[in-house]
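With the working numbering applied, the sequence shown corresponds to residues 1017 to 1300, in that order.
Every residue gets a Cβ at the ideal spot worked out from N, C-alpha and C, and that includes glycine.
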Amino acid sequence: MVCVKKKKVMQPRLLVKLSDLSQSDVALAGGKASSLGELTNAGIEVPPGFVVTTEAYRLFSQSELPQQLQQKILAEYNNLGAERVSVRSSAVAEDSSSSSWAGQFESYLNVTKDDLVKRINDCWQSVENAQAYAEQQSGKSDMTMAVIVQKMVDSDVSGVAFSKNPITKNDKEVMIEATYGLGELLVQGMVTPDNYLVDKNTLEILDKKIQSKKVMLVYKDGSNKEQPVQDDVANKPCLDDSNIVELSRLTIDIEIHYNAPQDIEWALENDKFFILQSRPITTI
């Protein structure tokens, strides 16, 4: 009698904690999530979260998520200890050194438990809207996507930071843009942010351009709302000098880790910085 060994069937990895990811996990978690996992393990302050992987996308993006997977997603949500989360796309082609897909996919802020599964599906559906863009940019349209679920940061101030000046292309300067509230209005180009330039070697603040910040995005009464910025702070800097220096140092550390100029999204809550995204600068 011949004994035939059964091949071990690998179970798909449908959910993965951010802290279990590194830069080598792009195929499983997409560019954004793998970068956030890499930063988490490098000791950078990143909001905790988990990823619904590309394997889940391949299996379930065209159908309803199985109840068992929905229950696991909600269990991971409970483990975060957050009332609200952000739900963001993380495509395999996203945030690479050769291309940036900023603005091509849906993101949702301040999502509650009741809406979480729906918002994950909504992120997946936004892939269809990006197919034409993908073909236009590279001739390819394989937009396999993971989805990141992270504890929501209630940012007092938010913005972007560049470890190389994207305007002058000076690699000896950090450029910071900052605005009050959540960063979505800045990303969408709906507000004009404060602008700060910092010398990378000395951390001297070289220049400040302070704008009149008339509107901000906040979470209020169960939804994200635009509201006027109070008159007494509208024309004042969003960040004080110590904040600017701290964020510049953090930006430089991330550039050193990746050995490449970085475009970073950040948030400041209760005087603590969180990194929401870091990707190679593709416009220089």
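For the alpha helix (DSSP H) that contains residue 1042, what are its first and last residues? The continuous alpha helix (DSSP H) containing residue 1042 extends over residues 1042-1057.
Reference residue 1179; option with closest CA among 1189, 1287 and 1170: Minimum Cα distance to residue 1179 is reached at 1189.
Do you know offhand how far residue 1243's Cα is from residue 1281's? If you take the alpha carbons of residue 1243 and residue 1281, they lie about 22 Å apart.
CB-CB length for residue 1202 against residue 1239, believed under 8 Å: Between residue 1202 and residue 1239 the beta-carbon gap is near 19 Å, outside 8 Å, which marks them as no contact.
Among the candidates 1292, 1204 and 1284, whose CA atom is the shortest distance from the CA of residue 1256? Closest option to residue 1256, Cα to Cα, is 1284.
Ordered along the chain, which non-local residues of its own chain (more than five positions away) have a Cβ less than 6 Å from that of residue 1072? Sequence-distant partners of residue 1072 (beyond 5 residues in either direction) whose C-beta falls short of 6 Å from its own C-beta, in its chain, are 1030.
Closest Cα partner of residue 1262 within the set 1245, 1062 and 1288: Measuring from the Cα of residue 1262, the nearest candidate turns out to be 1288.
Is the CB-CB distance between residue 1140 and residue 1161 below 8 Å? Yes, the pair counts as a contact, with Cβ atoms nearer than the cut-off.
Drop a sphere of 10 angstroms on the beta-carbon of residue 1181, count the other beta-carbons inside from all chains shown, and report buried for 16 or more, exposed for fewer. With 16 or more Cβ atoms within 10 Å of its Cβ, residue 1181 is classed as buried.
Taking all protein chains shown into account, do 16 or more other C-beta atoms lie within 10 angstroms of the C-beta of residue 1249, making it buried, or fewer, making it exposed? Per the 10 Å Cβ criterion, exposed.
Is the beta carbon of residue 1132 less than 8 Å from the beta carbon of residue 1101? For the pair residue 1132 and residue 1101, the CB atoms are nearer than the 8 Å cut-off.
Could you name the residues of the same chain whose beta carbon sits closer than 8 Å to that of residue 1252, not counting the 5 residues immediately before and after it, in chain order? Excluding sequence neighbours, residue 1252 sits near 1226.
Pop quiz: residue 1192 and residue 1264 are said to be a contact at Cβ under 8 Å. What is the actual Cβ separation, rounded to whole angstroms? So it is a contact: roughly 7 Å between Cβ atoms.
Bounding residues of the alpha helix (DSSP H) (the contiguous stretch that carries residue 1088): According to the DSSP assignment, residue 1088 belongs to the alpha helix (DSSP H) that extends over 1083-1096.
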